[in-house]
Structures are given as structure tokens and as C-alpha cells.
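These notes are about the structure you will find just below.
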Amino acid sequence: MGKIQTNLRLLVICFFIPLCCIGQVEDSSKKLGKVSKLFKTSKILPVQMEYSNRDLKKLTNDSTYINTLLTYRDAETLDTLPLRIRARGNYRRKNCYFSPVKMKIKKDDAKKTLFKGNKELKLVLPCLKVRDANDDVIKELLAYKLYEVVSPYHFKTRLLDFTLSESKGKKIEKHRIKAFFIEDMDELEDRFGGKTMKRNVHPLQQDSLSSIRNSFFQYMIGNTDFSTGYQHNQKLLFLNGFSIPIPYDFDMSGLCDTSYSVVSQIDGLVLPLESVTDRLYRGFKRSNATMFSIRDEFLQNRSNMMAILEDHKTYFENPDEYQKSKKYILGFFDILADSDKFKSEILDNRRDK
């Protein structure tokens, strides 16, 4: 009998090792790298740049950048920063008027400025010059902000009042739009003391709690334009023996529901969805106990997440777009709170492979 009890104790200890380790990872991470000054506040930042959209798309690639200047207002002072930029995002580069931008800043130039510690940044802009384009940006920003509640392992963002002076021959066309910065993966690594994983790792081999949180989040915002296994719109952070998914690029989600959004077909897989606003759980089979635990986490964070939406309400130009976003997220919590819907929409849709 004593031998059986000993074996049972060992089994219990082994079962709880991953949860203990995750707790230690999260506690220790708070003592590591600091958040840079740029991302310490959520206050909107006025930024101006000048470049040609045509040149950005035509002349740049992964290794070729063009030079420009960024002017920003820090407190009451206007400062200017030299940097190099290129277009990013294959789909939006081909289909959008404004391409997302990858920025590189020299360390010496960033020194003693608001951008200190940020050698690279992503700049997210509206896709098209259409009605509600600025609201599309706010909705994607909201996805990043919501994930901050879901997981400590996330990209930092900063909302911008962005003015682009676009060179068109001898003319300059000014675009005043909403945009936001996303920190680079190198900065996220420094904050937690981890490393980016280059090789693909199947989600079932990733940290289970982080993987399920990510799957719930993607379902919440109605996003299927990702692959954790193939690192499509996902990065993997290797930290203390765990691979942790870090999601990004949410413009094809049901929450954003942009004019250019389409149902994703990753690796030719056609999903049974008629609209981007339709939800489909894409997570893998895990134990019911763990699934219910993460469900409880989300339900407990419901008020925090809805408060984030409320905090961004004034940034929406069209009140209907805000209400639509709010209703969409509330619909997710209705599913979680209903045991039958939770089973049919999430538990029954877990993937085997």
C-alpha cells in the first residue's frame, strides 16, 4: 500500500511540473528586461513621415531599404529621427494603398530619444483610403491590447496620429491617418530573457497553457489567418525550456472585419467558413481539465477586456464600428458562459493533427 501511495505522489508531482515551471517563468520575467520608454505609455503619439508609397513598394525588399526622416512630438518638443524603411506583408503590399512598414533605427541615432532601445519597429497603417479605414486600425490595435490581458508574453504597441507626406512627382499629398507601432521580436526577447525559435514546433509540443490561451484568443477575435506550427503570423519564444507562441497581424480577423478581409486558406486548406466574422476553433486536443481552466481564466478577465474596449471608444470615428466590435467580443463570452455552446463550438472542434 505504501509503495502505491509513493507512486501516486510521484505521478502527481510529475503531472504538475509544467504548471509550476510556467509560474516560475512568469515570476522571473518581471525582473528581466525593461519596457522601452516608447511603449511605457498608451498615450497617442503624433508622428510625421515623408516617402513615396510607390517607391516603398517598388524599390524595397527584405534586404533593401530607403532612407527617410521621422518627426515626432515628445511632450512639447518636435524631434526628428533618421531611419530606413521597407514595405512588409505580401498580401497588403499587393492589395493595399498603404503598405505596412518595417523600420530600422541606428543605435546612436536613437540614443537620448524616445526611441532608445528600439533598433527595429513595425508600423501598421490602414490598407485603403476608404471610409472607416482608421477604425480598422483601432480594431487591430484592440486585438493586441486584449492579448496583453491573455498572456504576459505579447508584443507592445503604441497608437499614433500619423501624417504621411507622400511624394508624387512635384506634388506632396498629405494623409492624416491612425497607425501604431509594434515592438520588434528582439525587444521582446530582451524583456523576458528568451530566444526566438527558428524551427517549427507542433502546437502539442509547445507549452500547453500558452498554446491554449493563444487558441482561445484567436477564436475570440475570429482569426484563422495563422499557423502556430508553421509560424504564420506567429513567433515562438523559447524560454526556460518552453516554446511560447506570440501572435501578431490580426487584420484578417472577424473582430477587424475590414473591407479587404477574406477567409484564410493556409497551405491550401479550405475552412468551412462563409465569412471572416464566422468563428472556428483551431486549437488542438488537450485535457478537458486544462481547457476548462483556461475557460475560467477568460471569464474572469471579461470585465478587464471589456474595459479595454471602452478605453478605446473615443478613438473610433464611426460609433457603429465600436458597437460592432463590442458585440463581437461579447458574443465570444456568451459562448464561454454557455456550457452547451462551449462544448459544441470549442471542445468538439479540437483538432487531432
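First residue of the sequence shown? That's 13 in this note's numbering, and the numbers climb one at a time after it. We put the beta carbon where it would ideally sit given N, CA and C, even for glycine.
- Counting only runs of at least 4 residues, the stretch 88-127 fully encloses the following alpha helix (DSSP H) elements, listed from N- to C-terminal order: 102-107, 119-122.
- Sorting Asn313, Tyr103, Asp198 by C-alpha distance to the C-alpha of Ser111 places Tyr103 at the top.
- Residue environment analysis places Ala349 among the exposed positions, since fewer than 16 neighbouring C-beta atoms fall within 10 angstroms of its C-beta.
- Ranked by Cα distance from Phe193, the options Met209, Lys182, Val136, Asn330 are led by Val136.
- For Pro331, the enclosing alpha helix (DSSP H) stretches over residues 331-349.
- Scanning Leu216, Asp74, Glu199 for the CA closest to the CA of Gly101 turns up Asp74.
- Rounded to whole angstroms, the Cβ separation of Ile189 and Asn146 is 6 Å, and the two are in contact under 8 Å.
- A distance of 9 Å or more separates the beta carbons of Gly234 and Asp144.
- Spanning the alpha carbons of Ser273 and Lys365 requires a straight line of approximately 26 Å.
- By the criterion of at least three beta-carbon pairs nearer than 8 Å, the stretch 331-351 is not in contact with the stretch 238-258.
- One thing to note: Glu199 has its Cβ no nearer than 9 Å to the Cβ of Ser54.
- The C-beta of Thr236 has 16 or more other C-beta atoms within 10 Å across all chains shown, which makes the residue buried.
- Excluding residues up to 5 positions away in sequence, Leu81, Thr83 lie with their Cβ nearer than 6 Å to the Cβ of Thr92 in the same chain.
- When secondary structure is reduced to three states using DSSP, Thr76 falls in the coil class, being assigned neither helix nor strand.
- Taking a contact to require three or more Cβ pairs closer than 8 Å, the stretch 147-158 and the stretch 322-330 qualify as touching.
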